[in-house]
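These notes are about the structure you will find just below.
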Amino acid sequence: MAVEERRAALVDAALRVMVRDGLAAGTTRAVVAEAGMSLASFHYAFSSRDELLQEVVHRVVGREVLAATADLRPEEGLAGCLRRAAAGYLEHLEREPGHEQLMLELTLHAVRNPSLRPLATEQYRAYTAAAAGLLEQAAALTGRRWVRPVPELARLLVTLVDGATTTWLVDRDTEATRAVLDAAVELFVAGQAEPTA
Numbered sequence: 044m045a046v047e048e049r050r051a052a053l054v055d056a057a058l059r060v061m062v063r064d065g066l067a068a069g070t071t072r073a074v075v076a077e078a079g080m081s082l083a084s085f086h087y088a089f090s091s092r093d094e095l096l097q098e099v100v101h102r103v104v105g106r107e108v109l110a111a112t113a114d115l116r117p118e119e120g121l122a123g124c125l126r127r128a129a130a131g132y133l134e135h136l137e138r139e140p141g142h143e144q145l146m147l148e149l150t151l152h153a154v155r156n157p158s159l160r161p162l163a164t165e166q167y168r169a170y171t172a173a174a175a176g177l178l179e180q181a182a183a184l185t186g187r188r189w190v191r192p193v194p195e196l197a198r199l200l201v202t203l204v205d206g207a208t209t210t211w212l213v214d215r216d217t218e219a220t221r222a223v224l225d226a227a228v229e230l231f232v233a234g235q236a237e238p239t240a
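Per my numbering, the very first residue in the sequence shown carries number 44; after that it's consecutive.
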């Protein structure tokens with residue numbers, strides 16, 4: 044098995060173990076057992092569990108971005124594109140709640156552990172980069188430009204989505220979350236974008 048295939052299989056196995064049993068259960072031994080590989084195979088593919096966790100974060104963020112950007116429709120305008128992105132993300136959240144719960148668990152664990160804190164920093168850097176990419180893509184598709192700096196708006200978007208995600212994980216009220224995200228889009232777009240010159 045090529046190293047990239049081995050890495051992908053181990054990331055998939057880690058996700059299965061940790062979604063099912065929690066972050067603490069995702070030891071290297073549990074992950075290789077789930078993947079049907081030896082411990083030596085793990086160390087051939089990853090230098091440490093932290094590196095594996097970093098790949099888990101990138102995998103989940105990649106799926107979130109794909110879900111949010113799969114159905115953007117420029118003819119619906121900027122707000123319409125952001126509503127489509129919110130709807131795509133919410134569908135992902137309903138389909139993979141364990142992934143999002145794991146990301147929350149990983150964040151809270153990492154900020155308490157000095158050796159893992161860089162992982163939380165990387166996680167939120169990835170979220171913010173994804174949010175910035177979405178905002179830039181939606182603006183470009185609709186012939187708009189953001190008035191405020193995109194990094195500020197990206198951080199705001201991450202904050203809004205974080206809150207909506209955590210609340211949904213608690214109450215599983217999809218309709219209420221959809222309404223909140225729709226209201227957030229209206230507030231987000233109002234006065235923040237203008238036509239490109």
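The C-beta atom is built at its ideal place from N, Cα and C for all residues, glycine as well. The structure presented is a predicted model; accordingly, all values stated were derived computationally and were not measured.
May I ask which residues mark the beginning and end of the alpha helix (DSSP H) holding residue i?
i    : result
P6   : What is shown of the chain runs 44 to 240, which leaves residue 6 out entirely.
G123 : 120-138
M80  : Careful: M80 lies outside any alpha helix (DSSP H) and carries neither H nor E.
R106 : 92-112
R215 : Here R215 belongs to no alpha helix (DSSP H), and DSSP marks it neither H nor E.
V190 : V190 -> no alpha helix (DSSP H), and no H or E assigned at all.
R116 : Neither: R116 is in no alpha helix (DSSP H) and is coded neither H nor E.
M61  : 46-64
Is residue j closer than 9 angstroms to residue i when the C-beta atoms are compared?
i    : j    : result
L133 : T217 : yes
A228 : A113 : Just to set this straight, residue 228 is Val in the shown sequence, not Ala. No, they are not a contact pair.
D214 : A129 : no
R187 : A236 : yes
L82  : A181 : no
L196 : A219 : no
L53  : L95  : yes
P117 : L184 : yes
R30  : T171 : The structure shown has nothing for residue 30, since the chain only spans 44 to 240.
G69  : R50  : no
L189 : L177 : Correcting the residue identity first, residue 189 is Trp in this sequence and not Leu. Against a cut-off of 9 angstroms, the Cβ pair of L177 and W189 comes out as no contact.
Where does the unbroken beta strand (DSSP E) through residue i begin, and where does it stop?
i    : result
L237 : For clarity, residue 237 is Glu in the given sequence; the question names Leu instead. E237 -> beta strand (DSSP E) spans 236-238.
Would residue i be called buried (16 or more neighbouring beta carbons within 10 Å of its own) or exposed?
i    : result
A222 : exposed
H86  : exposed
E47  : exposed
V154 : exposed
G234 : exposed
L200 : buried
A45  : exposed
E137 : exposed
G79  : exposed
A88  : buried
V100 : buried
S232 : For the record, residue 232 in the displayed sequence is Val; it is not Ser. Its Cβ being crowded by 16 or more others within 10 Å, V232 is buried.
L151 : exposed
L230 : exposed
R160 : exposed
Q) So, do the stretch 204-221 and the stretch 141-159 have three or more beta carbon pairs nearer to each other than 8 angstroms? A) yes
Q | Sufficient close CB pairs (3 or more, under 8 angstroms) joining the stretch 57-77 to the stretch 104-112 | A | no
Q.
Below 8 angstroms, how does it come out for the stretch 72-81 and the stretch 52-60: are there three or more Cβ pairs, yes or no?
A. yes
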